[in-house]
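First up is the structure itself, then whatever we jot down about it.
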Amino acid sequence: MPEGDTVWRAARGLHTALAGAELTRTDFRVPRFATTDLSGRSVEEVVSRGKHLLIRVAPGPGEGEGWSIHSHLKMEGLWHVYGRGERWRRPAFKARAVLETADKQAVGFELGILRVFPRSGEEEAVGYLGPDLLGPDWDAAEALRRLASVPERPLGLALLDQRNLAGIGNVYRCELCFLAGIHPLTPIQDVPDLERIVDLSKRLLEANKARSRRITTGLAGRDPLWVYNREKRGCLRCGTKVVHELVGDTELELRDLYYCPHCQPALG
1 MPEGDTVWRA
11 ARGLHTALAG
21 AELTRTDFRV
31 PRFATTDLSG
41 RSVEEVVSRG
51 KHLLIRVAPG
61 PGEGEGWSIH
71 SHLKMEGLWH
81 VYGRGERWRR
91 PAFKARAVLE
101 TADKQAVGFE
111 LGILRVFPRS
121 GEEEAVGYLG
131 PDLLGPDWDA
141 AEALRRLASV
151 PERPLGLALL
161 DQRNLAGIGN
171 VYRCELCFLA
181 GIHPLTPIQD
191 VPDLERIVDL
201 SKRLLEANKA
211 RSRRITTGLA
221 GRDPLWVYNR
231 EKRGCLRCGT
241 KVVHELVGDT
251 ELELRDLYYC
261 PHCQPALG
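Numbering (the UniProt record's numbering), first residue to last: 1 to 268.
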């Protein structure tokens with residue numbers, strides 16, 4: 001499941017492959033951008049912003065500003081880098097973007113969002129995001145302020161809101177609540193040490209950003225997670241049956257929530 005660490009690694013791999021190279025061909029396989037052609041322009045950099053990815057392309061002749069290729073992996077998306085002529089490891093019909101240079105192909109498969117716009121459009125696309133846990137602009141105090149601004153909101157919902165702090169997905173929100181010993185439906189105003197949770201969020205993503213497998217337990221073997229997706233195996237710490245619920249701000253935003261009722265008792 002792509003979260004901030006996954007997107008950070010994807011951006012790093014794409015930057016290594018594309019930065020400084022001229023695009024010889026671009027193929028955007030979504031109707032709105034099907035005729036957009038950025039060939040002849042060079043890639044300046046690839047960066048992540050929370051769970052969003054931005055490929056920044058230099059302006060062409062006579063263009064006043066550069067371009068941004070904006071993608072979001074959602075649940076199934078991923079980017080692959082291939083040598084020219086190398087066989088793709090995913091079916092071609094799942095490709096949504098193909099960027100070619102003289103010796104590389106970057107292919108985005110099953111991208112949940114794919115847009116191409118002038119660089120000035122980045123503010124509208126990602127400007128609403130809170131401080132990026134893996135970004136150079138990380139601001140713990142601002143993240144804490146945003147979380148605390150709606151004191152009655154449950155912690156488990158506030159952590160998923162990318163307007164508060166950018167990069168936490170469903171796995172991390174469940175594991176963070178467990179590590180803090182907090183029931184995920186506890187209102188923010190009743191969380192005893194919110195600053196510690198913000199700090200732990202940063203440390204967890206930093207620890208995992210270069211790993212191919214996400215680990216919150218310190219155990220790289222069979223049990224890398226404490227409660228997430230463990231409703232049939234029990235809490236890794238105490239063995240209590242893990243509760244699995246669907247929780248969201250609205251019916252359309254329901255997400256899987258896992259917690260241990262023993263290690264994370266509800267208030268009252």
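A virtual CB, placed ideally from N, CA and C, is assigned to each residue, including glycine.
Status (buried if at least 16 other CB within 10 Å, exposed otherwise) for residue i
i	result
K74	exposed
D5	buried
L254	exposed
G248	exposed
P61	exposed
E65	exposed
C238	exposed
E76	exposed
E123	exposed
L246	exposed
S193	Reading the sequence as shown, one finds Asp at residue 193 and not Ser. Exposed: under 16 other Cβ atoms inside 10 Å.
R87	exposed
P154	buried
Helix, strand or coil at residue i [DSSP, three-state]
i	result
K209	coil
W8	helix
R49	strand
S39	coil
D190	helix
D27	strand
E76	coil
D132	strand
E22	strand
E124	helix
E63	coil
E44	strand
T16	helix
I215	coil
R203	helix
R195	The sequence as given places Glu at residue 195; Arg does not occur at that position. Looking at E195 - three-state DSSP - the assignment turns out to be helix.
A34	coil
A220	coil
Pairwise C-alpha distance: residue j and residue i
i	j	result
A92	D27	12 Å
L200	R25	42 Å
L99	G156	38 Å
R96	L53	14 Å
G112	R173	21 Å
C260	F178	7 Å
E63	R119	11 Å
G108	S42	18 Å
E45	V126	17 Å
R49	F117	16 Å
Q264	R211	28 Å
G40	T101	10 Å
V243	L236	13 Å
D190	E175	19 Å
A158	L147	6 Å
V150	L129	16 Å
S68	R230	39 Å
E142	P131	7 Å
F186	V171	The identity of residue 186 in the sequence shown is Thr, whereas the question assumes Phe. Going by the C-alpha atoms only, they are around 18 Å apart.
K232	T240	10 Å
N216	T35	Sequence check: residue 216 is Thr here, not Asn. When rounded, the distance between both Cα atoms is 44 Å.
K51	T250	21 Å
Identified DSSP bridge partners for residue i
i	result
A106	V81, L99
S68	R56, F117
Problem - Complete beta strand (DSSP E) runs within the UniProt domain "FPG-type" (226-265) (minimum length 3 residues, chain order) - result: 243-247, 255-259
Problem - Secondary structure, alpha helix (DSSP H): runs of 4+ residues fully inside the region 141-186 - result: 155-158, 170-180
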